[in-house]
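Chemist:
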Amino acid sequence: MATSLVRQTKLLSIVTSQLSSAACFRNIHCTAACLKNRAARIRVGKGDKSVTYEQAYHPHHIGHRKGWLSQHTSNLQGEDGAAERVVEDVFIRRFMYGTFHGCLADEIVIKRRGNLLVICAVMIQKLLPSKFYFLIGYTEELLSHFYKCPVKIEMQTVEEKVVYKYL
Amino acid sequence: IAVPLSAIRGAASLVSPLTTLPLPLPSRKHGGLRVEREERPRPVRDHSRTRPPGTAASFTCFIRYYPNRVADRVLSVFCHVLCVSQAAAAVRHQAGTSRSLHGARAPAVSARHLKQLGVTSLRSLSQVSLSEEPDALYQKLSVRVKGHDRSVLDSFEFFASLAARELGLSLERAFEPRKHTEKLTLLKSVHIFKKHRVQYETRTHHRTIEISRVTGSSARVYLEYIQRNLPEGVAMEVTKTSVEEIPEHIQKPLWDEGKLEPCGQ
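Heads up: the sequence lines are chains D and P, in that order. Note that this note's numbering has the first sequence beginning at 1, numbered continuously upward. Note that this note's numbering has the second sequence beginning at 168, numbered continuously upward.
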């Protein structure tokens, strides 16, 4: 990734030099950036905001105090397919958030065991159990048709959202 | 000083609190107290076992450890092992050896015994296929697992070594190669501030289990069992070193048969 970034910057620097020489003074943003101080963190406030365990700990605590939300092998050394897994994960999270609207107590955990896709979710007891069963079946059926792989949902319900602390 | 540090640490001190001792300054990091952190105890790799592998006793022990993971296929594998050992014992008995092997090596696995463990159907031995061609022989079977979490690899190593021991395979060594870290250096801010960057890293831990002197069918069975129970987020690489027969044309040296022509003439 670093070598491709370097190549991109070289190309773009050539392009910018040509552009600037042709009296066109637009600047192109060519290196990757990330806002490390603010990513995936809920900032400390007055003390009225309730926050779950997952939201309370910052990304640098992953592996130490937090687990992984999406477990697959494509980020390991010598393995590929990371981008496809990320796109699938984003779609699955949005799909679950929309299907079980207002029922999700915490982030969804996505596990991949071979071909099998397991979605683990903790829900608030907002709907009747029969409605939950219907939505689970609906989700499993649709997602297995989208991704051509068996999809299983492991769900656990909780009375209220589990609050870790107030920020 | 309100309370001396030695009292906080719980050490019996004969020194009165009025005398000043050259104690080290408490570190701010742990809130003013020096906390001695113990290392997380690593699992002891004890590969010596008293129970003989490949018997019904070891099989019941294995089922008790992993009741959810015992599939029918494993059962038929174990029955194959047991029945093969039983058949081997029967053959040896018939051949006329004086030692009685029935009681110790190959006890019969009764249906009642299996029902006690919750296994209702017993696949027949028709799953075992016999063929004329000789089985492949592997000098070494090297299973290398990679993952992001070291404790997951620890537990998988325990599981794989236990499975190898119970199946009667000779586990040569189980070690941990060096972890690999991939680092990325990116800009911290969206706009300008080129001097301020942020670094991310991805760690890949490895674990290798080496099994020596294995037949092809045993290796296939063991690998299938291991791979079916691979945890999520763990990748596996298998390297097999097979033992082949020397080809016919180089089995004997040429100078023995007198085929070489004398040189330098």
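Cβ coordinates follow ideal geometry from the N, Cα and C atoms, glycine included.
1) Would P:E462 be called buried (16 or more neighbouring beta carbons within 10 Å of its own) or exposed?
2) Using a Cβ-Cβ cutoff of 7 Å, what residues of the region 364–376 of chain P are near chain D? List them in chain order.
3) By a C-beta neighbour count over all protein chains shown, 10 Å radius and 16 as the cutoff for buried, is P:S385 buried or exposed?
4) Is the Cβ-Cβ distance between P:Y389 and P:L329 less than 8 Å?
5) CA-CA distance, P:H416 and P:C430?
6) Taking 7 Å as the cut-off, is the beta-carbon of P:L320 closer than that to any non-hydrogen atom of the ligand MG?
7) Does any residue of chain P bring its CB to less than 8 Å from the CB of D:H64?
8) Cβ of P:E343 less than 8 Å from any chain D Cβ?
9) Which full runs of the beta strand (DSSP E) of 3+ residues lie inside the region 359–422 of chain P, going along the chain?
10) In angstroms, rounded to a whole number, what distance separates the CA positions of D:T216 and D:S74?
11) I think P:I378 touches P:L421, with their Cβ atoms under 8 Å apart; what is that distance to the nearest whole Å?
12) Go to P:S296, then tell me how far its beta strand (DSSP E) extends in each direction, as first and last residue.
13) When the Cβ atoms of the region 106–123 of chain D are set against those of the region 148–162 of chain D, are three or more pairs found closer than 8 Å?
14) Grouping DSSP H, G and I as helix and E and B as strand, with all else coil, what is D:V44?
15) Measure the alpha-carbon distance for D:K165 versus D:H58 and round it to whole angstroms.
16) Does the count of Cβ pairs from the region 121–135 of chain D and the region 81–90 of chain D closer than 8 Å reach three?
17) So P:E399 contacts chain D; which residues on that side make the cut at Cβ distance below 8 Å?
18) Starting from D:F146, trace the alpha helix (DSSP H) both ways and give me its first and last residue.
19) For P:Q394, which residues of its own chain have a beta-carbon under 7 Å away from its beta-carbon, when the five flanking residues on both sides are left out?
20) Using a threshold of 8 Å, state whether the C-beta atoms of P:I376 and P:E324 are closer than that.
21) For chain D, check one thing: does any of its Cβ atoms lie closer than 8 Å to the Cβ of P:A327?
22) Among D:A56, D:A39 and D:Q156, which one has its Cα closest to the Cα of D:G47?
23) Going along the chain, which residues of its own chain have a beta-carbon closer than 8 Å to the beta-carbon of P:V319, five neighbours each way excluded?
24) Across which residues does DSSP place D:H58 in a beta bridge pair?
25) Can you give me the Cβ contacts of D:E107 inside the same chain, cut-off strictly under 6 Å, excluding the 5 residues immediately before and after it?
26) Return helix, strand or coil for P:G314, following the three-state DSSP convention.
Modeler: Once the coordinates are examined:
1) Since the first and last residues shown for chain P are 168 and 432, residue 462 of chain P lies out of range.
2) V365, T369 and T371
3) Locating residue 385 of chain P in the second sequence gives position 218, counting from the first residue. P:S385 should be labelled buried.
4) Here residue 389 of chain P corresponds to residue number 222 of the second sequence, with the count starting at 1. Here residue 329 of chain P corresponds to residue number 162 of the second sequence, with the count starting at 1. No, the pair does not count as a contact, with Cβ atoms beyond the cut-off.
5) Translated into positions along the second sequence, residue 416 of chain P becomes position 249. Translated into positions along the second sequence, residue 430 of chain P becomes position 263. Roughly 22 Å separates the two Cα atoms.
6) With respect to the ligand MG, the structure shown offers nothing to examine, as it has no ligands at all.
7) Here residue 64 of chain D corresponds to residue number 64 of the first sequence, with the count starting at 1. So no, D:H64 is outside the interface.
8) Start at 1 with the first residue of the second sequence, and residue 343 of chain P comes out as number 176. P:E343 does not count as touching chain D.
9) 364–382 and 401–409
10) Limits of chain D in this structure are 1 at one end and 167 at the other, which puts residue 216 of chain D out of reach.
11) By one-based count along the second sequence, residue 378 of chain P stands at place 211. By one-based count along the second sequence, residue 421 of chain P stands at place 254. At roughly 38 Å, the Cβ-Cβ gap does not stay under 8 Å, so P:I378 and P:L421 are not in contact.
12) For the purposes of this step, residue 296 of chain P is identified with residue 129 of the second sequence, where counting begins at 1. Looking at the DSSP string, P:S296 is not in any beta strand (DSSP E), and its letter there is neither H nor E.
13) yes
14) As a working mapping, residue 44 of chain D is identified with position 44 in the first sequence. Coil at D:V44, not helix or strand.
15) In the first sequence, counting from the first residue as 1, residue 165 of chain D sits at position 165. In the first sequence, counting from the first residue as 1, residue 58 of chain D sits at position 58. Rounded to whole angstroms, D:K165 to D:H58 spans 14 Å at the Cα level.
16) no
17) Position 232 of the second sequence, counting from 1, holds the residue named residue 399 of chain P. Those are Q71, H72, K111, R112, R113 and V118, listed as they occur along chain D.
18) For the purposes of this step, residue 146 of chain D is identified with residue 146 of the first sequence, where counting begins at 1. Counting along the chain, the alpha helix (DSSP H) containing D:F146 begins and ends at P129 to Y147.
19) Numbered from 1 along the second sequence, position 227 holds the residue referred to as residue 394 of chain P. The residues are M403.
20) Translated into the one-based positions of the second sequence, residue 376 of chain P becomes position 209. Translated into the one-based positions of the second sequence, residue 324 of chain P becomes position 157. Going by C-beta atoms, P:I376 is nearer than 8 Å to P:E324.
21) Numbered from its first residue, the second sequence carries residue 327 of chain P at position 160. P:A327 does not count as touching chain D.
22) To locate residue 47 of chain D, count along the first sequence from 1; it is residue 47. For D:G47, the nearest C-alpha among the options comes from D:A56.
23) Looking up residue 319 of chain P in the second sequence gives position 152. Contacts found: P398, G400 and V401.
24) Within the first sequence, numbered from 1, the residue matching residue 58 of chain D stands at position 58. According to DSSP, D:H58 bridges with nothing at all.
25) Taking the first sequence and counting its residues from 1, one reaches residue 107 of chain D at position 107. Within the same chain, D:E107 has close Cβ partners E54 and L69.
26) Taking the first residue of the second sequence as 1, we reach residue 314 of chain P at position 147. Note: P:G314 maps to strand in three-state DSSP.
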